[in-house]
Amino acid sequence: GQSLEQPSEVTAVEGAIVQINCTYQTSGFYGLSWYQQHDGGAPTFLSYNALDGLEETGRFSSFLSRSDSYGYLLLQELQMKDSASYFCAVFFLSSGSARQLTFGSGTQLTVLP
Amino acid sequence: DAGVTQSPTHLIKTRGQQVTLRCSPKSGHDTVSWYQQALGQGPQFIFQYYEEEERQRGNFPDRFSGHQFPNYSSELNVNALLLGDSALYLCASSLGQGQGNTIYFGEGSWLTVV
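What follows is the structure, encoded as structure tokens:
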């Protein structure tokens, strides 16, 4: 099966930088995705890493090390609106040619003024 | 270009009843996946529909069933509702299997079982 581990809660202040780590165990690994979800809302796609290295999109960056089965999401210049749950999700080959997305349990980020 | 749309947004059902949730995929998408998200948890994969057939299934009982129509829209049916079925039900769409960065989620349907 698949398993993902990420911290349950992270707190930081406005303007700071925060890193949310994710370790995973899966076979048939294709890539690691990150989603943001505000209370009561839809998961919103943030980033996807299929290859090792850092992907940067504005204030958000995501890193993947396939050999370590590890990734992280880096949020810079934190804003109050960044307070939300952040999920890492592995995209993997589940059976035959079928691919699937499996989520971690999420990290609740609280940004303080 | 409409994204993934789901209905209803909220509903309350009594234990033992049946419920049907609906999803219209993003324009151009032909694959629909359903997820259950309990409060404080990550989304859990229920099943995926492509070409009107169930292609993959997660660890959910047979009380959970679905359907995909020729226009790619989909329904999730849950029979004999239990209190533990109370959750946010999310629909995600993609073109084929998609890639990790081309899967789009709807706003979800909040189901409360009392």
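Sequences listed follow chains A and B, in order.
Read the first sequence against the numbering used here and you will find it ends at 808, with the numbers running on by one and no gaps.
Read the second sequence against the numbering used here and you will find it ends at 595, with the numbers running on by one and no gaps.
Just so it is clear, CB atoms sit at the ideal spot from N, CA and C, and this is done for glycine as well.
Predicted, not measured: the structure shown is a model, and the values here were computed from it.
Hey, A/ASN716 and A/GLN701 are a contact pair by Cβ (cut 8 Å); roughly how many whole angstroms apart?
-> 6 Å
Identify each residue in the segment 747-761 of chain A for which the Cβ-Cβ distance to at least one residue of chain B is less than 9 Å, and report them in chain order.
-> none
Count the other CB atoms, across all protein chains shown, that sit within 10 Å of the CB of B/ARG544; report buried if there are 16 or more and exposed otherwise.
-> exposed
Which chain A residues are close to B/ASN571, counting only those with a beta carbon under 9 Å from its beta carbon?
-> The question names Asn, yet the displayed sequence has Leu at residue 571 of chain B. By Cβ distance, chain A contributes ALA737 and PRO738.
Pick from A/PHE724, A/SER760 and A/LYS776 that is closest to A/SER792, judged by C-alpha positions = A/PHE724
What in chain B is Cβ-close to A/LEU796, meaning under 8 Å?
-> SER514, PHE526, ALA573, GLY581 and ILE584
Measuring only between beta-carbons, confirm whether A/ALA779 sits less than 7 Å from chain B.
-> no
Run through DSSP, which three-state label would A/LYS776 get?
-> helix
In the DSSP assignment, find the unbroken beta strand (DSSP E) run with B/ARG536 in it and report its ends.
-> 534-538
A/TYR730 bridges to which residues according to DSSP?
-> A/PHE740 and A/PHE782
Specify the secondary structure class of A/LEU796 as computed by DSSP and reduced to three states.
-> strand
Using a Cβ-Cβ distance under 7 Å, would A/TYR743 count as near chain B?
-> yes
The segment 722-734 of chain A: positions lying closer than 9 Å to chain B by Cβ | TYR725, GLY726, LEU727, SER728, TYR730 and GLN732
May I have the straight-line CA-CA distance separating A/TYR743 from A/GLY799, to the nearest angstrom?
-> 15 Å
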